[in-house]
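Undergrad: My structure is below; once you've seen it, I'll send some questions.
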């Protein structure tokens, strides 16, 4: 592990936000947020350009700070050089991701099968409801047959089709 540079403020212990960010593999903004939330101890001192924080990292904390699930390498870490915490975190996450991937695939298959069963049972239910409805429908009374020898009146002839004006084709 590389040694951290001394602070630019003699008599003061701690690292600037940029130095702490490099040591932790995080961006200076993330370190500042962590200081404000109380996750990291820091002193606010008067710097050459106004107030600034000097972050005090406990021994062995560099590269192991939790980043709230947003990954191990922040914006302040050099590109292509992830921190040791990232490698440890990724190595422990690979089996978990593999297991979760298998679980998701199994759950999707189960959901597909259950959706098929649901469709089958819905069709059966609809058919049963239609059968019940047909059985409960009131039956129409049957008309008595006409008396023997009754004459039936002829049906009226269809009325003449309506006349259309000469300019209409349809």
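Numbering (this note's numbering), first residue to last: 35 to 204.
By construction, the Cβ of each residue, glycine as well, lies at the ideal position given by its N, Cα and C atoms.
Do you know offhand how far residue 201's Cα is from residue 187's?
TA: Cα-Cα distance, rounded: 40 Å.
Undergrad: Locate the alpha helix (DSSP H) running through residue 62, then write down its first and last residues.
TA: First-last of the alpha helix (DSSP H) with residue 62: 62-71.
Undergrad: In terms of alpha-carbon separation, which member of 55, 156, 82 lies closest to residue 90?
TA: Nearest option by C-alpha distance: 55.
Undergrad: Which class does residue 52 belong to by DSSP, given the choice of helix, strand or coil?
TA: Correct three-state label for residue 52: helix.
Undergrad: Among residues of its own chain, excluding the 5 on either side of residue 85, which ones have a beta-carbon nearer than 8 Å to its beta-carbon?
TA: Excluding sequence neighbours, residue 85 sits near 78, 79.
Undergrad: Go ahead and label residue 59 buried or exposed: buried means 16 or more other beta carbons lie within 10 angstroms of its beta carbon, across all protein chains shown.
TA: So residue 59 ends up on the buried side.
Undergrad: For residue 76, count the other beta carbons within 10 Å of its own beta carbon; 16 or more makes it buried, fewer makes it exposed. Which is it?
TA: Residue 76 comes out buried.
Undergrad: Where does residue 53 land, buried or exposed, given buried means 16+ other C-beta within 10 angstroms?
TA: Buried.
Undergrad: So, is residue 69 buried or exposed, given that buried needs 16 or more other C-beta atoms within 10 angstroms?
TA: Residue 69 comes out buried.
Undergrad: Helix, strand or coil for residue 79? Go by DSSP, reduced to three states.
TA: If DSSP states are grouped into helix, strand and coil, residue 79 belongs with the strands.
Undergrad: Look up residue 90 in the DSSP assignment and give the residues it is bridged to.
TA: Answer by DSSP bridge pairing, in chain order: 75.
Undergrad: Between residue 136 and residue 129, what straight-line distance do the alpha-carbon atoms span, to the nearest angstrom?
TA: Spanning the two alpha carbons is a distance of roughly 11 Å.
Undergrad: Taking all protein chains shown into account, do 16 or more other C-beta atoms lie within 10 angstroms of the C-beta of residue 57, making it buried, or fewer, making it exposed?
TA: Residue 57 should be labelled buried.
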